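The structure appears right after this line, and notes come after that.
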Amino acid sequence: YDRRTLEGIAEVALRHDLLIISDEIYEKLLYDGLAHVSIASLGPEVQARTVVVNGVSKAYAMTGWRIGYAAGPKDLITAMTTVQSQSTSNPTSIAQKAAVAALNQGDAFIKEMVAEFDQRRRVMVERLNKIPGVTCTMPNGAFYAFPHVGRLIGRRGPEGPLASTTALTAYLLQQARTVMVPGEAFGAPEHVRISYATNVPKIVEGLNRIEEAVRRLK
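One gets our numbering by counting positions in the sequence shown from 1 and adding 7 to each.
Pasting the structure below:
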């Protein structure tokens, strides 16, 4: 979120004495010169009620190493540590060392990866917008597109009308062998989420399959 949006959230939290949990896992995967702003940076009062959660699985492509971390008020972090240490124990020492290396020496890798993701997002968005009934804006960060597919809801597949994006994604899984997440999971029932965390040829192939399946709808 931009600073103005975060300031609005912070104002509400201060007014109602709320804690803020800020998930900043995608902070380094930004495009077009955008800069990340942490809500905890908006001032001492906001920082005192904010827990920032992050990890190495996204920006450093270390999914599976199971390294995450949190920063926040000392008393709250102490309580969180007590619960965590009795429930999930701790990650391996090898994973911890690897995470330290990534955090200290990974900037060049991230720059290269963001450039590659930038190319992929442009390919995906351009191709999505050529599919009848689909519109997609350019994402500002992460590695997902979030196209609007509302005009496809109600169209008929082999088993009848597609009443939701859940039904649409099930149809595309079966007919196009492509996987996406229904927008209902994000409070956006006319959208789907598609990842472009793969190479361009696979992205193009998958979107070609999706278009073929969409054109078969009645």
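All C-beta atoms in this analysis are idealised placements derived from N, C-alpha and C, irrespective of residue type, glycine included. These numbers come from a predicted model, not from an experiment.
Should residue i be labelled buried (16 or more other beta-carbon atoms within 10 Å of its own) or exposed?
i: residue 152; result: buried
i: residue 86; result: exposed
i: residue 134; result: buried
i: residue 165; result: exposed
i: residue 89; result: exposed
i: residue 10; result: exposed
i: residue 41; result: exposed
i: residue 128; result: buried
i: residue 214; result: buried
i: residue 8; result: exposed
i: residue 154; result: buried
i: residue 107; result: exposed
i: residue 220; result: buried
i: residue 175; result: buried
Residue range of the beta strand (DSSP E) that residue i falls in?
i: residue 202; result: 199-202
i: residue 60; result: 57-62
i: residue 76; result: 75-78
In its own chain, which residues sit with a C-beta less than 8 Å from the C-beta of residue i, not counting the 5 before and 5 after it?
i: residue 170; result: 160, 161
i: residue 172; result: 156, 160, 189, 190, 191, 196, 197, 198, 199
i: residue 33; result: 65, 66, 148, 149
The alpha helix (DSSP H) spanning residue i covers which residue range?
i: residue 12; result: 10-22
i: residue 82; result: 81-94
i: residue 111; result: 100-112
Only counting the same chain, and skipping five residues up and downstream in sequence, which positions put a Cβ closer than 7 Å to that of residue i?
i: residue 79; result: 57, 58, 59
i: residue 136; result: 142, 143
i: residue 150; result: 36, 124, 202, 203, 204
i: residue 76; result: 61, 62
i: residue 46; result: 13, 16, 17, 27, 29, 53, 57
i: residue 20; result: 27, 56
Leaving out five residues on either side along the sequence, give the residues of the same chain with a beta carbon under 6 Å from the beta carbon of residue i.
i: residue 145; result: 132
i: residue 201; result: 152, 187
i: residue 218; result: 138
i: residue 102; result: 72, 74
i: residue 185; result: 179, 213, 216, 217
Any heavy atom of the ligand NAP closer than 7 Å to the Cβ of residue i?
i: residue 93; result: The ligand NAP is not among the ligands present in this structure, which contains no ligands whatsoever.
For residue i, list the residues DSSP reports as bridge partners.
i: residue 27; result: 57
i: residue 37; result: 148
Report yes or no: is there a C-beta of chain B within less than 8 Å of the C-beta of residue i?
i: residue 168; result: Absent from the structure is chain B; it holds one protein chain and no more.
(request) Kindly provide the ranges of any beta strand (DSSP E) runs that are 3 or more residues long and lie completely inside the region 135-218, ordered along the chain. (result) 199-202
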